[in-house]
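2 protein chains.
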Amino acid sequence: VERQHQAALSQRLAQFHPADIAFVLESLAPEPRAAAWALVRSDQRGAVLLEASDTVRRALVLGMAPEDISAVVHTLDSDDIADLVSSLPEELRHAVVERLDRTDQAEVRSVLSFPDGSVGAIMDLDFIAVREDTTLEAVQRLLRRKTALPVHTNELIVVDRSNGLRGVLDLQRLLLDEPDRRVAEVMNPQPTYFYTDDGVRDAITAFEKYDLISCPVVNLHRQVVGRLTVDVVVDEIKERAQAESLRQVGLSEADEDLFAPLAASARRRWPWLVLNLVTAFIASRVIGAFEEVIAALVALAALMPIVASIGGNTGNQAVALVIRGLALGQLGPLQLRKILQREIGINLLNGVVWGLVLGVVTWLLYDSVTLAAVIAAALTLNMVLAATVGVLAPVLLQRLGRDPAMGSSIVLTATTDSMGFLIFLGLAAAFLS
Amino acid sequence: VERQHQAALSQRLAQFHPADIAFVLESLAPEPRAAAWALVRSDQRGAVLLEASDTVRRALVLGMAPEDISAVVHTLDSDDIADLVSSLPEELRHAVVERLDRTDQAEVRSVLSFPDGSVGAIMDLDFIAVREDTTLEAVQRLLRRKTALPVHTNELIVVDRSNGLRGVLDLQRLLLDEPDRRVAEVMNPQPTYFYTDDGVRDAITAFEKYDLISCPVVNLHRQVVGRLTVDVVVDEIKERAQAESLRQVGLSEADEDLFAPLAASARRRWPWLVLNLVTAFIASRVIGAFEEVIAALVALAALMPIVASIGGNTGNQAVALVIRGLALGQLGPLQLRKILQREIGINLLNGVVWGLVLGVVTWLLYDSVTLAAVIAAALTLNMVLAATVGVLAPVLLQRLGRDPAMGSSIVLTATTDSMGFLIFLGLAAAFLS
Numbered sequence: 277v278e279r280q281h282q283a284a285l286s287q288r289l290a291q292f293h294p295a296d297i298a299f300v301l302e303s304l305a306p307e308p309r310a311a312a313w314a315l316v317r318s319d320q321r322g323a324v325l326l327e328a329s330d331t332v333r334r335a336l337v338l339g340m341a342p343e344d345i346s347a348v349v350h351t352l353d354s355d356d357i358a359d360l361v362s363s364l365p366e367e368l369r370h371a372v373v374e375r376l377d378r379t380d381q382a383e384v385r386s387v388l389s390f391p392d393g394s395v396g397a398i399m400d401l402d403f404i405a406v407r408e409d410t411t412l413e414a415v416q417r418l419l420r421r422k423t424a425l426p427v428h429t430n431e432l433i434v435v436d437r438s439n440g441l442r443g444v445l446d447l448q449r450l451l452l453d454e455p456d457r458r459v460a461e462v463m464n465p466q467p468t469y470f471y472t473d474d475g476v477r478d479a480i481t482a483f484e485k486y487d488l489i490s491c492p493v494v495n496l497h498r499q500v501v502g503r504l505t506v507d508v509v510v511d512e513i514k515e516r517a518q519a520e521s522l523r524q525v526g527l528s529e530a531d532e533d534l535f536a537p538l539a540a541s542a543r544r545r546w547p548w549l550v551l552n553l554v555t556a557f558i559a560s561r562v563i564g565a566f567e568e569v570i571a572a573l574v575a576l577a578a579l580m581p582i583v584a585s586i587g588g589n590t591g592n593q594a595v596a597l598v599i600r601g602l603a604l605g606q607l608g609p610l611q612l613r614k615i616l617q618r619e620i621g622i623n624l625l626n627g628v629v630w631g632l633v634l635g636v637v638t639w640l641l642y643d644s645v646t647l648a649a650v651i652a653a654a655l656t657l658n659m660v661l662a663a664t665v666g667v668l669a670p671v672l673l674q675r676l677g678r679d680p681a682m683g684s685s686i687v688l689t690a691t692t693d694s695m696g697f698l699i700f701l702g703l704a705a706a707f708l709s
Numbered sequence: 277v278e279r280q281h282q283a284a285l286s287q288r289l290a291q292f293h294p295a296d297i298a299f300v301l302e303s304l305a306p307e308p309r310a311a312a313w314a315l316v317r318s319d320q321r322g323a324v325l326l327e328a329s330d331t332v333r334r335a336l337v338l339g340m341a342p343e344d345i346s347a348v349v350h351t352l353d354s355d356d357i358a359d360l361v362s363s364l365p366e367e368l369r370h371a372v373v374e375r376l377d378r379t380d381q382a383e384v385r386s387v388l389s390f391p392d393g394s395v396g397a398i399m400d401l402d403f404i405a406v407r408e409d410t411t412l413e414a415v416q417r418l419l420r421r422k423t424a425l426p427v428h429t430n431e432l433i434v435v436d437r438s439n440g441l442r443g444v445l446d447l448q449r450l451l452l453d454e455p456d457r458r459v460a461e462v463m464n465p466q467p468t469y470f471y472t473d474d475g476v477r478d479a480i481t482a483f484e485k486y487d488l489i490s491c492p493v494v495n496l497h498r499q500v501v502g503r504l505t506v507d508v509v510v511d512e513i514k515e516r517a518q519a520e521s522l523r524q525v526g527l528s529e530a531d532e533d534l535f536a537p538l539a540a541s542a543r544r545r546w547p548w549l550v551l552n553l554v555t556a557f558i559a560s561r562v563i564g565a566f567e568e569v570i571a572a573l574v575a576l577a578a579l580m581p582i583v584a585s586i587g588g589n590t591g592n593q594a595v596a597l598v599i600r601g602l603a604l605g606q607l608g609p610l611q612l613r614k615i616l617q618r619e620i621g622i623n624l625l626n627g628v629v630w631g632l633v634l635g636v637v638t639w640l641l642y643d644s645v646t647l648a649a650v651i652a653a654a655l656t657l658n659m660v661l662a663a664t665v666g667v668l669a670p671v672l673l674q675r676l677g678r679d680p681a682m683g684s685s686i687v688l689t690a691t692t693d694s695m696g697f698l699i700f701l702g703l704a705a706a707f708l709s
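Protein chains in written order, with our numbering: chain A, 277 to 709; chain B, 277 to 709.
Dropping the structure here:
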């Protein structure tokens, strides 16, 4: 009965879209996940693995026997196999590739050889090429011999004798134009295309800008080697947005796995925690240097976090604007100077206005005009400093080849905290003692 | 000569993609922007306006005479007109719509009537419908009468007599299958489709999951009224990601306009600034309540920001994970409890480990075991509290219909700062005096 029940379940599952099965597997704990995975039919497993997150995919593959993996992999295209094995540990990857037939092996190895973040690494090797002197009728005959076109084929790629890119032929031309016309007459001779070593980021920009569905990918000799399709680009956009929002707080996709061992997850956060402890400790030492001033006027201790905190918020606004500009490629030297001027101007203005308000509140509370003036000045100065660092930190980090999304907040907080305390307590030391 | 020069420039511009012209216009200051805009040929202006950001679009349209606007608008489809005028001030919008012919007016009004964030508001009204009892040959004849298909037509929509959705016919079926077969035999009878009042967020999820290119959109009677295409979905994904990263720091797309008047931009940041000032002020009053304790041991003033700052960082990690989970629709009650348990566990563990380290450093620095124990305990407690608030704040804000991306950081900082100071100074008051 148990077995009958399972067979029925398995059949139900087979009607689900692979993406939905992956979604269910991702939200299950490891044990029920393994049980559910056993029910997924082997002809669907490849597609499900491709849709699953890296962490879950790795867990599922690690639990499979090598011959099961081979069986699954044989249902996939070589670029999908490459995508799949690229997230596996080295030795497992090797074991899988070894079991492929020779053509697949060569193709998988070639895709794997492209670095992460390059168009070559995410391209689709499956495309239909035609020659420009063919008639549309001949192209139609060619197509009719197939039962299906590669996914997202909205255009055929037009190549010359040596496979060099000549243009693209929109499928609708085959339907709308006279059959006796030649490909060269109706093709688009200047299509957008990418080199295998172009960055995925540039490809994303082009897809967004020019509303592309698919694009030829060429090697250094301008020979067509594959296609880039919009579904892969959409996945990349999504993954990049996710990765960035996590990176900003020192996390990665691995931290999303709700079933990873707790101790390991805790340790993964140590580098970020230590960095933040170090910057907080430096800020603490800045305060420590003014202990005598604080001892003489304890109100300073209560007021100083306001200056530091508003600085942090202000700086983060500048960081967000600059990171956006960098991502869009909109920040040339001119724009950068403009944004720096504006952020300084805006925060000078707001610093003066709200510094005055804070000054008045301080005066009412502590009955000291000097203290009020000190906090007003400190707030303004720290906001202007925060704006400056907020604009420059992401730019400098990017020039140094570091990740602006991840590093900027650390650099910024370190500055706005330490300098906030220094400015406020320094001014207090100068004018209040 | 000047005029010849301008004509030459205008011709050069005409060869650019509208998206590229929009990009150039966006990076120009208002005056050169207006000059450049004058050079854009009127048959390209509509497409350029559609590609431009809201701010720039509004500035350009506001500078045009109503009859120029009408001329531009006449080159566009009615859904594009709706998209365009939806970003205009009310009276200008009205003036434009009035000048359209009656069919366009009706269509534009119908698109404008769908609320922001609904599929109806971003759908494409242009699609080709066929009947299921037609042969593929007849469909081909129908298509051959057209010079082009609507953009991103990868499939025709199959409808019944009353325009009800029956299925979709992939274009490649026309190329691959025998011409005497009927649409009903080769169509996909169960396509993904959306209702006009479905949320754009759900549509984005479906496009990502099922790798869609286009999709029928139906009204409440399941009659086909339009299509949703992947280029619009890609734009929405991009805009949403951008909007979120700005919202997190209290900014909006309007803050990206580098040429808006400085004073207006400064004032736009006031609500956020005031909110942050208020929470910082509350934290300051918490410290103020412990002035006597601090006066007795000034070291407390130097150490207390460490506790608050690490709490903030920790809580922001939890917030990022939860907001991601909410966006993916992955957080049911089970997952939520799991994520809460995990964040508390991870931060309890890390709080104990790094609290001890911080305790040792404090002991070495201030030679007080009690002070060391107090800061170790305070760090641990505040990290656990931050984890709890970081998980719960976004969820509660969403249940209350507020924006978790924007509100969470305020709620979190208010808690981790005030409570951080309260826990640390409270423990100090209890054990050190």
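Beta carbons: idealized from backbone N, C-alpha and C, even for Gly.
Distance CB(residue i)-CB(residue j) smaller than 7 Å
| i | j | result |
| --- | --- | --- |
| B:T646 | B:L553 | no |
| A:G393 | A:L352 | no |
| B:A542 | A:N626 | yes |
| A:L412 | A:D377 | no |
| A:D344 | A:T505 | no |
| B:V509 | B:F535 | no |
| B:G631 | B:T656 | yes |
| B:G526 | B:T692 | no |
| B:V372 | B:V361 | yes |
| B:L688 | B:A669 | yes |
| B:G683 | B:A594 | no |
Reduced DSSP category for residue i - H, G, I as helix; E, B as strand; rest coil
| i | result |
| --- | --- |
| B:N552 | helix |
| B:Y469 | coil |
| A:T411 | strand |
| B:L376 | coil |
| A:D402 | coil |
| B:V525 | coil |
| B:T505 | strand |
| A:D356 | helix |
| B:G339 | coil |
| B:V316 | coil |
| B:G605 | coil |
| A:P235 | Missing from the structure shown is residue 235 of chain A; chain A here goes from 277 to 709 and no further. |
| A:R457 | coil |
Residue i versus residue j: straight-line alpha-carbon distance, rounded
| i | j | result |
| --- | --- | --- |
| B:A479 | A:R561 | 52 Å |
| B:S318 | A:T590 | 42 Å |
| A:L607 | B:V629 | 42 Å |
| B:I398 | B:R613 | 36 Å |
| A:P547 | B:A556 | 28 Å |
| A:A341 | A:V348 | 11 Å |
Option in the options with minimal Cα separation from residue i
| i | options | result |
| --- | --- | --- |
| B:E512 | A:V493, A:D487, A:D533 | A:D487 |
| A:T331 | A:P365, A:H370, A:L579 | A:P365 |
| A:R425 | B:R407, B:R449, B:A559 | One point to set straight first is that residue 425 of chain A is Leu, not Arg, in the sequence displayed. Among B:R407, B:R449, B:A559, the Cα nearest to that of A:L425 is on B:R449. |
| A:E383 | A:D359, A:S363, A:V406, A:G702 | A:D359 |
Worksheet item: Taking any Cβ of chain B, which residues in the stretch 475-487 of chain A have a Cβ under 8 Å from it, in chain order?
Response: F483, E484, K485, Y486, D487: these are the residues of the stretch 475-487 of chain A whose beta carbon lies less than 8 Å from some beta carbon of chain B, given in chain order.
Worksheet item: Got a sec: which bits of the stretch 538-554 of chain B sit with their beta carbon under 8 Å from any beta carbon on chain A, in order along the chain?
Response: Sequence-ordered contacts of the stretch 538-554 of chain B with chain A read L538, A539, S541, A542, R545, W546, W548, L549, V550, N552, L553 [C-beta pairs closer than 8 Å].
Item to complete: Please list the residues of the stretch 604-621 of chain A that have a C-beta atom closer than 7 Å to any C-beta atom in chain B, keeping them in chain order.
Response: Those residues of the stretch 604-621 of chain A that come within reach of chain B (Cβ to Cβ, closer than 7 Å) are Q606, Q611, K614, I615, R618, G621.
Worksheet item: When Cβ atoms are compared, which residues of the stretch 658-681 of chain B fall closer than 8 Å to chain A?
Response: none
Worksheet item: Listed in chain order, which residues of the stretch 437-464 of chain B have Cβ atoms closer than 8 Å to some Cβ of chain A?
Response: L447, Q448, L450, L451, L452
Worksheet item: the stretch 687-700 of chain A: which residues have C-beta closer than 9 Å to a C-beta of chain B, in chain order?
Response: T689, D693, F697
Discussion item. Please list, in chain order, the residues of the stretch 639-655 of chain A that have any C-beta partner in chain B closer than 7 Å.
Written reply: Within the stretch 639-655 of chain A, no residue has a Cβ that lies closer than 7 Å to any Cβ of chain B.
Worksheet item: the stretch 287-303 of chain B: which residues have C-beta closer than 7 Å to a C-beta of chain A, in chain order?
Response: H293, A295, S303
Item to complete: May I ask you to list, following chain order, the residues of the stretch 414-440 of chain A that have a beta carbon less than 8 Å from some beta carbon of chain B?
Response: Q416, L419, R420, K422, T423, A424, L425, V427, H428, T429, N430
Worksheet item: Which residues, in chain order, does the stretch 553-573 of chain B contribute to contact with chain A at a C-beta distance below 7 Å?
Response: Cβ contacts with chain A: L553, A556, F557, A559, S560, I563, G564, E567, I570, A571.
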